[in-house]
Amino acid sequence: VDTTGAGDAFWGAFLSCVIKSGKQVCGLEDHEITEYLRFANTAGAIATTRKGAIPAMPTHEEIAKIMH
105 VDTTGAGDAF WGAFLSCVIK SGKQVCGLED HEITEYLRFA NTAGAIATTR
155 KGAIPAMPTH EEIAKIMH
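Numbering (this note's numbering), first residue to last: 105 to 172.
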């Protein structure tokens with residue numbers, strides 16, 4: 105529908121996972137990075153299904169619902 109905001113959604117989701125982990129990026133294990141990237145990809149994908157940048161941002165619950 106609209107790619108505006110997809111990158112912002114991706115990076116926002118990824119960084120939110122890193123912050124929530126309490127670790128620095130260089131201290132993350134491979135399985136954590138994989139899970140965070142999966143979460144971020146889902147966020148970016150959801151954003152492309154909506155118009156605009158800010159209105160396209162998915163919630164944590166929306167991301168989790170699609171992932172599981």
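No residue lacks a Cβ here, since even glycine has one placed at the ideal position from N, Cα and C.
query, result
"Among Lys169, Ala113, Glu139, nearest to Ser125 - alpha-carbon criterion", "Glu139"
"Secondary structure of His172, DSSP reduced to three states", "coil"
"Nearest to Cys168 (by Cα), restricted to the options Gln128, Arg142, Lys155, Asp112", "Checking the displayed sequence, the identity of residue 168 turns out to be Ala instead of Cys. It is Arg142 whose Cα lies nearest to the Cα of Ala168."
"For Gly116, the nearest candidate out of Ala144, Asp106, His135 (CA to CA)", "Ala144"
"Coil, strand or helix - Ala157 by DSSP", "coil"
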